[in-house]
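Residues in the sequence shown are numbered consecutively from 462, following the numbering used here.
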Amino acid sequence: MVSKILDKLPLRTVLIVPFILQIVGAVGLVGYLSFRNGQKAVNNLASQLMSEVSLRVEQNLQVYLTTPHQINQTKLDAVQLGLLKMENLSAWEKYLLRQVQLYPYINFTSVGNEKGDYRSGEQLSNGSRTMNVIETSTGLNFNSYNTNDRGDRTTVTTLVKNYDNRQHPAYQKAVKVGKPTWSSVYVSLLEPTLLISALQPVYSDRKQLEGVLFAALRLDHIGRFLNSLKVGKSGQTFIVDRQGTLLATSTTEKPFRTKRNERQLFKMEESSNPITQATAKYLTAKFKKLDQIKKPELLSFEIDDKRQFLKFLPFQDGKGLDWLIVVVVPEADFTKEIDANTHTAVLLCFAALAVAVAIGILTSQWVTNPILSLNTAAKSIAKGEWDKTVESERSDELGELAKSFNSMAQQLQQSFETLEQRVQERTAELAVAKDKAEVANQAKSTFLANMSHELRSPLNAILGFSQLMTRSQTLSPEHQENISIISSSGEHLLTLINNVLDLSKIESGRTTLNPKKLDLYRLLNDLEDMFQIKADDKHLQLVFERIPEVPQYIKADDVKLRQILINLLNNSLKFTEEGGVWVRVSKQSSDRNQQAEGGKFDRSEVSKTTENSAINGIKISQFSPSNNQVIATQNDDSASTSSFFLHFEVEDTGPGIATNELDDIFEPFVQTKTGKDSQEGTGLGLPISRKFVELMGGEMTVCSAVGKGTNFKFDIHIVAVDAPDIEIAKPIRNVIALAPNQHTYRILIVDDKPLNRQLLIKILHPLGVELKEANNGQEAIEIWDSWEPHLIWMDMRMPVMDGYEATQYIKSTIKGQATAIIALTASVLEEERAVILSAGCDAFMRKPFREADIFDAMHKHIGVRYIYEEPGQTNLSAIKESDRAMSAADFVKLPDSLVAGLKLAILNADMDLIDTFIEQIRLKDAVTAGAIANCIENFEYDKVLNLISEAISHE
462 MVSKILDKLP
472 LRTVLIVPFI
482 LQIVGAVGLV
492 GYLSFRNGQK
502 AVNNLASQLM
512 SEVSLRVEQN
522 LQVYLTTPHQ
532 INQTKLDAVQ
542 LGLLKMENLS
552 AWEKYLLRQV
562 QLYPYINFTS
572 VGNEKGDYRS
582 GEQLSNGSRT
592 MNVIETSTGL
602 NFNSYNTNDR
612 GDRTTVTTLV
622 KNYDNRQHPA
632 YQKAVKVGKP
642 TWSSVYVSLL
652 EPTLLISALQ
662 PVYSDRKQLE
672 GVLFAALRLD
682 HIGRFLNSLK
692 VGKSGQTFIV
702 DRQGTLLATS
712 TTEKPFRTKR
722 NERQLFKMEE
732 SSNPITQATA
742 KYLTAKFKKL
752 DQIKKPELLS
762 FEIDDKRQFL
772 KFLPFQDGKG
782 LDWLIVVVVP
792 EADFTKEIDA
802 NTHTAVLLCF
812 AALAVAVAIG
822 ILTSQWVTNP
832 ILSLNTAAKS
842 IAKGEWDKTV
852 ESERSDELGE
862 LAKSFNSMAQ
872 QLQQSFETLE
882 QRVQERTAEL
892 AVAKDKAEVA
902 NQAKSTFLAN
912 MSHELRSPLN
922 AILGFSQLMT
932 RSQTLSPEHQ
942 ENISIISSSG
952 EHLLTLINNV
962 LDLSKIESGR
972 TTLNPKKLDL
982 YRLLNDLEDM
992 FQIKADDKHL
1002 QLVFERIPEV
1012 PQYIKADDVK
1022 LRQILINLLN
1032 NSLKFTEEGG
1042 VWVRVSKQSS
1052 DRNQQAEGGK
1062 FDRSEVSKTT
1072 ENSAINGIKI
1082 SQFSPSNNQV
1092 IATQNDDSAS
1102 TSSFFLHFEV
1112 EDTGPGIATN
1122 ELDDIFEPFV
1132 QTKTGKDSQE
1142 GTGLGLPISR
1152 KFVELMGGEM
1162 TVCSAVGKGT
1172 NFKFDIHIVA
1182 VDAPDIEIAK
1192 PIRNVIALAP
1202 NQHTYRILIV
1212 DDKPLNRQLL
1222 IKILHPLGVE
1232 LKEANNGQEA
1242 IEIWDSWEPH
1252 LIWMDMRMPV
1262 MDGYEATQYI
1272 KSTIKGQATA
1282 IIALTASVLE
1292 EERAVILSAG
1302 CDAFMRKPFR
1312 EADIFDAMHK
1322 HIGVRYIYEE
1332 PGQTNLSAIK
1342 ESDRAMSAAD
1352 FVKLPDSLVA
1362 GLKLAILNAD
1372 MDLIDTFIEQ
1382 IRLKDAVTAG
1392 AIANCIENFE
1402 YDKVLNLISE
1412 AISHE
């Protein structure tokens, strides 16, 4: 029944309707999935943003709230050392004024003794400082004096009679608690801010109370910090105590109100900000009392039918503070653009539907009209040529076409059968050949993967333990030399393995370019330093020449360029016995067939000169084994954002290559007669180098004469860039211990090879971290579930359960999301990286690894901080010099860019960026860098910022 109805439908309808239905279904499904994924992405983004903001607030609160107690501790130390006396408070005055001057977010710092005497150094926001005095000799009158720049009293500004500081609630609280604590939050009488005082009771050697130390912190600085945080577009952050009193907020609202000329605190439910007020009502309704909140939690609620994300974090400092950090972000901050895109997508869907209908109509006409014409022609042919027909019950256009061509089918059937048989035979042959090729390719990939794992795993142990033994101070020189030989031999074997794998990746087409911005001059200088010792050992000249037009900063694949030059220089120095090796770099015009800009280098003139000479306008210094660097004196004005080719030449005075061997030197595993006689090398360096050059858009050629030498030439396509775009590499330093004030880290090592586990244990155990090990993934899961390590070093190929399955199991749990997992693998196939990361690993590291790579990964993923071995600090005089006091003059001597960058990093509390700038300053002035590092470790941020400001003003 259905088929009969379909047979009667016009072919045009049959073509259009399914096409439109498919379009509508696909667009609807994609739209729905996009909406769901967008909602999920919004939730994840909101959670990450709010967690990051709350943690930043917590970290800065710890810094702000530590300072008042540190100030009290310095005063207590001065009392205990006998520098200041509790019975003689007159000697405290200038000391207190100096303290309040150093910390702009401290309102006042004071001291009061049991006799009733009191001194307080106070600083207002306008910069004026006063000395507040209470003495028993004056009848406990409170006198406030203005002070001059030297800290001397000038005029009296305030007088309050019969003011006994010992009766103050803060003084009595400090006496009652008997240890460092906090006062209640209160409103300043003189400044528009809330204050909270750090309290420190002072006791004599006989445990008798002598007085109390005070340091009042301005909470408006905390409010300014909250206001500087960008939480979405309209998100808010505020801090309240457990009674719901608003203490600081990121909005412009002040956390106090003035009633009848009296400033008063208020609850967050009374806030004039609607978001703050609604959040307070929601928290009160959910928890009844805020002191029931014991741990961080992410919630959501609605304000006027609009969803809000809410994150709160309890904050306690161990000295009596118990606050809540609250972060609120409207969902609309994240979904506004998504809603706009959804509206656009709906309009595009309707537009696509209209276009689909139009295209369907045109397509149906395009299909049916030729068929009707062909049907008419076929009928004519059938009437004159073939008398046999096949009846067809279909009445549509295709049915008519079938009736016409059935008669022709009988005549062509035999030819078609023969052709079909031949096609099937050929298809079968191709299928067999394809299956064989796929099997061979799979076998090759499996072999390379297994070979890489089996060779690189023991190499990891060899090179790793060699690194550890090299740092030993107890080995004899002979053993140190033996270890060096083992390490260099292992590195050589690793190079051979990498060459074979590089060649395999090149042949399979899996090698790709990874261009980055680099300093070409530095790369050439590094290569010159690397090969200079080898050249000196053989009494050869090593000359690096470049014309002035060569740009210093370029964008190219530095790893492949470095490998090309290393391969060519290795060959030249290996086979050259006298004379030298020359490396030349020049800039080519867009036509690579044209001569390089700046003219050609004349090696005969360069090698014979004994005085400075000029070649085509380039000034070249004298060459010798001890001084062989060529420096172009003209300025490079050609560096621009345009792209061009760089031309390189590596020429030597070695034995040369015979003409009949030149055609084969770029074939894998092929060596010249000289190479075979030396019994060194694998014949892979030149093929790999040539393939790299071709990948970088150039070509490599060689010309040689037996007995005279060989000249390899190649060019690569590069782009010139500006100097500020180049990344500054951090100097590598040895880790000697963990930085103080960190919790004990738990690290699990998972590897079926005992040597590999032992190597990691040897590296990490001296740092004092807790370590456990597992033989396979199943053991790793059991230990992880009971021990909850911070980080897992996971080998990926193991018996029982491999690293992929173990990682997927751990990461599939909520608890597992808090554990960092770093994969350790001996595979070098790049596609393996994607497989490992998709399994849930946070990072990927190949064997053999370096000790520094292990430490960098732990710092990046779980925040471990280290103490590094400082070069150049081995003598006592240098150590004493690094401890000297800093001055503004030290910053004047530094480059403006470093000083400005350091200041911005401190203001943003970006510890990683601060460390980076300190290491850059260390290259300029190690003493100043050490002094800055000491200040940062002691939280003396304001000291550094004040010195920077003084340095800028002096300029």
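Note that CB positions come from ideal geometry on N, CA and C, so glycine has one too.
Can you check whether the CB of residue j is closer than 8 angstroms to the CB of residue i?
i, j, result
"Val594", "Tyr606", "yes"
"Tyr988", "Leu1034", "At residue 988 the sequence reads Leu, which differs from the Tyr that was named. For Leu988 and Leu1034, no; Cβs fall outside 8 angstroms."
"Glu652", "Ser586", "yes"
"Ile1197", "Glu1330", "yes"
"Leu558", "Thr608", "yes"
"Lys977", "Asp1019", "yes"
"Lys637", "Leu660", "no"
"Ile683", "Tyr564", "no"
"Gly1170", "Asp1113", "yes"
"Leu1104", "His1178", "It is Ser, not Leu, that sits at residue 1104 in the sequence shown. Contact: yes."
"Lys772", "Val788", "yes"
"Phe1175", "Lys1021", "no"
"Leu1359", "Phe1378", "yes"
"Leu687", "Ile657", "no"
"Gly1229", "Leu1199", "yes"
Please return the same chain residues whose Cβ sits closer than 8 angstroms to the Cβ of residue i, not counting the five positions on each side in sequence.
i, result
"Asp432", "This structure cannot speak to residue 432, because the chain is shown only from 462 to 1416."
"Val485", "Leu814"
"His1320", "Arg1326, Tyr1327"
"Gln725", "Val648, Phe717, Arg718, Thr719"
"Arg721", "none"
"Gln769", "Ile736, Ala739, Thr740, Ser761, Phe762, Glu763, Val789, Val790, Pro791, Glu792"
"Leu517", "Reading the sequence as shown, one finds Arg at residue 517 and not Leu. Closer than 8 angstroms at the Cβ level, and outside the excluded window around Arg517, lie Leu690, Ala1370."
"Gly781", "Val638, Thr642, Trp643"
Bridge partners of residue i, per DSSP?
i, result
"Thr1268", "Beta-bridge pairing links Thr1268 to no other residue."
"Tyr1014", "Asp980"
"Gly1041", "Gln1002"
"Glu763", "Arg768"
"Ile1253", "Leu1209, Ile1282"
"Ser515", "Per DSSP, none; premise fails for Ser515."
"Tyr1329", "Val1196"
"Cys1164", "Asn1172"
"Gly573", "Tyr579, Val673"
Can you list, in chain order, the residues of its chain whose CB lies under 7 angstroms from that of residue i, leaving out five sequence neighbours each side?
i, result
"Leu519", "Per the sequence shown, residue 519 should be read as Glu rather than Leu. For Glu519, where only same-chain residues beyond five positions count, the Cβ hits under 7 angstroms are Leu774, Phe776, Ile786."
"Ala1318", "Ile1283, Ala1304, Met1306"
"Leu508", "First, the amino acid is wrong: residue 508 is Ser here, not Leu. So the qualifying residues of the chain are Leu759."
"Leu506", "Phe795"
"Glu1293", "Thr1286"
"Leu1298", "Phe1305"
"Glu596", "Asp578"
Leaving out the 5 sequence neighbours to the left and right, which residues in its chain are closer than 6 angstroms to residue i when beta-carbon positions are compared?
i, result
"Pro1086", "With a pLDDT of 33 at Pro1086, under the threshold of 50, the modelled position of this residue cannot be trusted; read the value that follows with caution. Asp997."
"Thr1120", "none"
"Tyr1422", "Nothing about residue 1422 can be reported from this structure: the residues present for the chain run from 462 to 1416 only."
"Gln1095", "Bear in mind that the predicted position of Gln1095 carries a pLDDT of just 35, short of 50, making it too unreliable to give a figure here."
"Tyr1402", "Ile1367"
"Pro919", "none"
"Asn1028", "Gly1146, Ser1150"
Check the Cβ-Cβ distances between residue i and every residue of chain D, and say whether any is below 8 angstroms.
i, result
"Glu714", "Although the question refers to chain D, the structure presented lacks it and comprises just one protein chain."
Between the region 667 to 675 and the region 688 to 703, do three or more beta carbon pairs fall short of 8 angstroms? Output reads no: the region 688 to 703 does not touch the region 667 to 675.
The region 1232 to 1243 in contact with the region 1272 to 1282 per 3-pair CB rule at 8 angstroms: Contact fails: fewer than three Cβ-Cβ distances are below 8 angstroms.
Cβ contact (3+ pairs, closer than 8 angstroms) linking the region 740 to 754 and the region 607 to 626: Result no; under three Cβ-Cβ pairs closer than 8 angstroms.
Between the region 705 to 721 and the region 578 to 586, do three or more beta carbon pairs fall short of 8 angstroms? Judged by Cβ distances under 8 angstroms, the region 705 to 721 makes no contact with the region 578 to 586, as fewer than three pairs qualify.
Entirely within the region 662 to 729 and at least 3 residues each: give me those beta strand (DSSP E) ranges in chain order. List check, beta strand (DSSP E) in window: 670 to 679, 697 to 702, 707 to 710, 718 to 720, 723 to 725.
Can you confirm whether the region 1209 to 1226 touches the region 1248 to 1265 when touching is taken to mean that 3 or more C-beta pairs between the two stretches lie within less than 8 angstroms? The answer is yes - the region 1209 to 1226 touches the region 1248 to 1265, with three or more Cβ pairs under 8 angstroms.
Cβ contact check for the region 493 to 513 and the region 755 to 772: 3 or more pairs under 8 angstroms: With the rule of 3 Cβ pairs closer than 8 angstroms, the region 493 to 513 counts as touching the region 755 to 772.
In chain order, what are the residue ranges of uninterrupted beta strand (DSSP E) at least 3 long that sit wholly in the region 1212 to 1247? Entirely contained in the region 1212 to 1247, the beta strand (DSSP E) runs reaching 3 residues are, in chain order, 1231 to 1235.
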